[in-house]
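Everything on this sheet refers to the single structure shown next.
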Amino acid sequence: MREFATFEERLSIWTTDAMKSVFGLEGTDINLGVSPTNNDKFGDYQCNAAMSLAKTVGKAPRQIAQEFADAAVLPDFVEKIEIAGPGFINFFLSNHALAAYLQSLENDPHLGAEQVGQGKTVIVDYSSPNVAKPMHIGHIRSTVIGNAIDRLYRYLGYNVIADNHLGDWGTQFGLMMVGFRNFVDEDALKAAPVEELERVYVASYNMSKEDASWREQAKAELVKLQQGDAENRALWEKFIELSIEEFNTIYNRLGVKFDLYRGESFYNDRLPKMIQSLEEKDLAKESDGALIVGLEEDGMPICIVRKSDGGYNYATTDLATVEARIEEFDPERIIYVTDERQQLHFKQFFTISEKLGMNANLVHVWFGLMRLPEATFSTREGNVIKLAALLDEAEVRALEMVKSSSPEMPEEQQRDLAKAIGIGAIKYTDLSQNPQSLVTFTWEKALNMQGNSAPYLQYAYARISSVYDKFHATYPEIELEKCSINIEHEIERRLAIKLSRFPAAIRAAADNYSPNILAEYLYDLAQIYSSFYQNVPFLKAEEGVRESRIRICQTTAAILKQGLGLLGIETRERI
RNA sequence: GCCCUGAUAGCUCAGCUGGAUAGAGCAACGCACUUCUAAUGCGUAGGUCACAGGUUCGAAUCCUGUUCAGGGCACCA
């Protein structure tokens, strides 16, 4: 077993083996492992197998539990076991083993998280905004959730390729071309490029609704672009360049980095070949002039892969993208992070890619749409909130808070801190709820800085840093590494148990693509720590106890910092 | 019409592959700063887990039906 295996892992292996040997079980699919208890009066971990085994073994659950307890030789890290209720077997870890585990974590750069991703490549496809449209608050979920998944997988040792699959191709570019040539305001374009591009697009779109010749023109320009006309090509490249530049300022503020910016257009050359493969495998057929893939037997509606005008759809692009990614990167998994509206699309193209025999493990991580309290927001309604405006507002509010609580801090530091807090607050709001739940946007919630929020966690971290520095200033001669950790106080123990569960939280968050599991873990941890902080002395504790507690503080700080970092939230030593 | 989601405290939300008394935050009320950072802590109050059945030793969790809400379903992505 690896050096830093968690108690849950070790105990589960042990109970599984012990159950099998005591009751002579072979290949059963009943879970014989343990899970964390939800109440510490029931110990630290519980095994529920006795109830599940009643029928198989042919004995009463209590009796099974008792026989197990009598026969088993406990592992050294278990202090005692108890049988309770209908047949729960409760395990109490020894304080000594807990302390030893905490000490061992300090030597592990991954704080106990197993490097399960070694040698595996994962592509995470997220954010993916459309060119020539400003990012609004609806884009924050894909960006922030996708980025957390990206960071989590990297932490677990995966070779992660973060790919921003920009919407840089499609029929809208015909309208963009004509609109741009007729309506663009060069000054406005300099001041706010993407906003101006959007204005141009909307104006052109409106013209097209009334004017048939306008539509014809747009279509002609689109065809020219697709055929590689130099002038249109240059203009199109300009749209992309301006857009990426502006997206990057947002990504920089959010601390989001991509390895690739490959838009849909990157795969254009592969589309005819993809259609050919579909036809060769007899998957596609003509229908009303379009080429479709029938998915009736899979319980899904048909999927159009080539329009009757000869153009391709995004299903085709996505298939070609998978093919290209497999060829170039041979990924173990490709994770797509998009909103819930695309569920059917992904199911369809995942199914088709399987039928094509593409060897890829494709995962669609979807999240609930963001809406406003009064209605779903949309460009047409004119009720969009720009992402940049949200970030600005968060930093302004955070700065007010910093100025009032730390007036003596140099202004530059106040600003830096306000950024970390404001951006952290916004990210945490999104990351702390289940991605799949519907999200109603309110300023109040997005910028929440009290209670269950990023600033609460950042505050807890800063308090620890402060304590730690004071300790060193007061006792410069003491070498903490040489002092042992001893767990005595009840709340110390609660904290230690929580700290030991960090690897499980990381794994659960990554396996379920749910950063909120990690967020909740960190919040619980910070709550326990805050209670610890308020209720027991450490700098003022007697020698020995003092050093032990400072070391526990150190580990707590390391986990808070690392955990928040995995959510893309920064910490500061002073708040 | 068909398909996919969801419904948990006044409000916003957790609740992992079924486990013991369903948890937080906000709002409300009370207490604690000459003290290691009060962006905090401690406490009180707040629930028919939408509704009705079913499976199970055990259901907020799984299954079926109903109601309500959101989304999707042929040339947008």
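Note that UniProt numbering gives residue 94 to position 94 of the first sequence, counting from 1, and the numbers run on in steps of one.
Yeah, the Cβ is synthetic: ideal placement off N, Cα and C, and Gly gets one too.
In this text, all values refer to a predicted model and were calculated from it rather than measured experimentally.
For the pair R253 and L189, the Cα-to-Cα distance works out to about 22 Å.
Residue nearest to L291 within the set K273, E297, E488 and Y312 is Y312 (criterion: CA-CA distance).
Counting C-beta pairs with one atom in each stretch, the region 325–334 and the region 118–125 have three or more that are closer than 8 Å, which means they touch.
Under the three-pair Cβ rule at 8 Å, the region 245–264 counts as touching the region 159–170. When only Cα atoms are considered, G27 and G33 end up about 14 Å apart. The straight-line gap separating the alpha-carbon atoms of A496 and L522 is approximately 13 Å.
Listed in chain order, the non-local C-beta contacts of A505 below 7 Å within the same chain comprise I517, L518 and Y521, local neighbours out to five positions each way being set aside.
In the three-state scheme derived from DSSP, where H, G and I count as helix and E and B as strand, W366 is classed as strand. Nearest to Y155 by alpha-carbon distance, out of P134, S265, V536 and G568, is G568. Around the CB of L438, fewer than 16 other CB atoms lie within 10 Å, so the residue is classed as exposed. E490: member of the alpha helix (DSSP H) spanning E490 to S500, first to last residue. The three-state secondary structure of D288, taken from DSSP, is coil. Closest option to F266, judged by alpha-carbon separation, among I64, A320 and C47: A320. Secondary structure remark: continuous alpha helix (DSSP H) runs of at least 4 residues inside the region 59–119, in chain order: 61–71 and 95–105. Straight-line measurement puts the Cα of G289 at about 7 Å from the Cα of K307. Listed in chain order, the beta strand (DSSP E) runs fully inside the region 312–339 are 333–339, counting runs of at least 3 residues. The C-alpha of T429 lies about 40 Å from the C-alpha of M207. In the DSSP assignment, Y155 falls within the unbroken alpha helix (DSSP H) covering I140 to Y155.
Between the alpha carbons of G299 and Y314 lies a distance of about 21 Å. Where N535 is concerned, the enclosing alpha helix (DSSP H) starts and stops at P515 to N535. DSSP places V200 inside the alpha helix (DSSP H), whose first and last residues are P193 to E210. When secondary structure is reduced to three states using DSSP, V124 falls in the strand class.
The DSSP assignment places 271–280 as complete runs of the alpha helix (DSSP H) inside the region 254–303, in order along the chain (cut-off: 4 residues).
Counting the other Cβ atoms within 10 Å of the Cβ of T56 gives fewer than 16, which makes it exposed.
Per DSSP, the continuous beta strand (DSSP E) segment holding N159 begins and ends at N159 to D163. Across the set P109, L362 and L417, the C-alpha of L362 shows the shortest separation from the C-alpha of T351. Contact between I485 and R493 fails: their C-beta atoms lie close to 12 Å from each other, not under 8 Å. Here DSSP, grouped into helix, strand and coil, assigns N232 to helix. With the rule of 3 Cβ pairs closer than 8 Å, the region 211–228 counts as touching the region 173–183. Taking K386 as reference, the option from A148, V194, A460 and N182 with the minimal CA-CA separation is V194. Annotation for S406: no beta strand (DSSP E) segment contains it, and DSSP assigns it neither H nor E.
A direct Cα-to-Cα measurement between Q527 and R215 gives close to 60 Å.
Partner residues in a beta bridge of G544, as assigned by DSSP, do not exist. Per the DSSP secondary-structure output, N130 pairs in a beta bridge with G167. The continuous beta strand (DSSP E) containing S35 extends over residues V34 to P36.
Excluding sequence positions up to five before and after T6, its CB lies within less than 7 Å of the CB of G112, S500, P503 and A504, all in the same chain and listed in chain order.
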